[in-house]
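Structure, as structure tokens:
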Amino acid sequence: MSKPNTLIFSMTYTKERESLFQWVGLIPLEDEISFWTLNSGKKRPPLNWVNVQGLTSAIPRQDSNLPLLLTKGLEINSNLYLVNSFAQAIDMLVKERVDYIVAGKTSLRYQIITLGYCLDKFTVESAGIINKQQLGFAFNLQSEKALVEKYRNAFRAMEIDGSLNDIMTKWLY
1 MSKPNTLIFS MTYTKERESL FQWVGLIPLE DEISFWTLNS GKKRPPLNWV
51 NVQGLTSAIP RQDSNLPLLL TKGLEINSNL YLVNSFAQAI DMLVKERVDY
101 IVAGKTSLRY QIITLGYCLD KFTVESAGII NKQQLGFAFN LQSEKALVEK
151 YRNAFRAMEI DGSLNDIMTK WLY
């Protein structure tokens, strides 16, 4: 994120991040916020925001869902651990260092597959929230303006010719 002229892709756009990057383009995404646990086969009640209070979770410290977890009563370093990436959070879950992860269904599914895990290893339960967000393509502020503009033009062209929608349909929906 700090290296000039490097494209950052599929980063969640937030107002707090708006001035920190040169944004190329945004893709709207509706993602169901879900509780992810290991598929242990043990009987337990369905997860909800009340009964997760006695359990532990991990989330990347820069994740856009962190404020949601804090408003739901989770406390950092008590029942919520901050990590550097979802790969670390998934690793903690697999090693049973945390009980669950809260994340968008689409985004965490992609992370799990990328790490080489089978989705059957996990149980996914809705947290009752649809997160309407935008994923962005961006460069850091030190990137060359001409390079950023080339990517903006290419992004706009893909929006117009429909190829961006084709990619989104194949990989995110």
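Per full-length UniProt numbering, the very first residue in the sequence shown carries number 1; after that it's consecutive.
Glycine is no exception: its CB is placed at the ideal position from the N, C-alpha and C atoms.
At a Cβ-Cβ threshold of 9 angstroms, Phe137 and Ser10 count as neighbours.
Residue pairing for Gln134: DSSP places it in a beta bridge opposite Tyr13, Pro28. Ile167: member of the alpha helix (DSSP H) spanning 163 to 171, first to last residue.
As summarised for the stretch 61 to 94, the continuous alpha helix (DSSP H) elements at least 4 residues long and confined to that stretch are 66 to 71, 86 to 94, given in chain order. A direct Cα-Cα distance of roughly 12 angstroms separates Leu38 from Ile112. Under a 10 Å Cβ-count criterion, Gln133 is classified as buried, with 16 or more other Cβ atoms of the shown protein chains found around its own Cβ. The residue from Leu147, Thr56, Leu26 with its alpha-carbon nearest to that of Glu96 is Thr56. Following the DSSP letters along the chain, one finds Val102 inside the beta strand (DSSP E) bounded by residues 101 to 104.
A distance below 9 angstroms separates the beta carbons of Lys3 and Asn140.
Looking at Leu70, Lys145, Ile90, Trp49, the one whose alpha-carbon comes closest to that of Leu115 is Ile90. A residue is called buried once 16 or more other Cβ atoms fall within 10 Å of its Cβ, and Val50, having fewer, is exposed. Under the three-state reduction of DSSP, Thr37 is assigned to strand. Assignment of Asn5 by DSSP, reduced to helix, strand and coil, places it in the coil class. Contact between Val83 and Ala103 does not hold, since their C-beta atoms are separated by about 12 angstroms, which reaches or exceeds 8 angstroms. DSSP, read as helix, strand or coil, puts Glu159 in helix.
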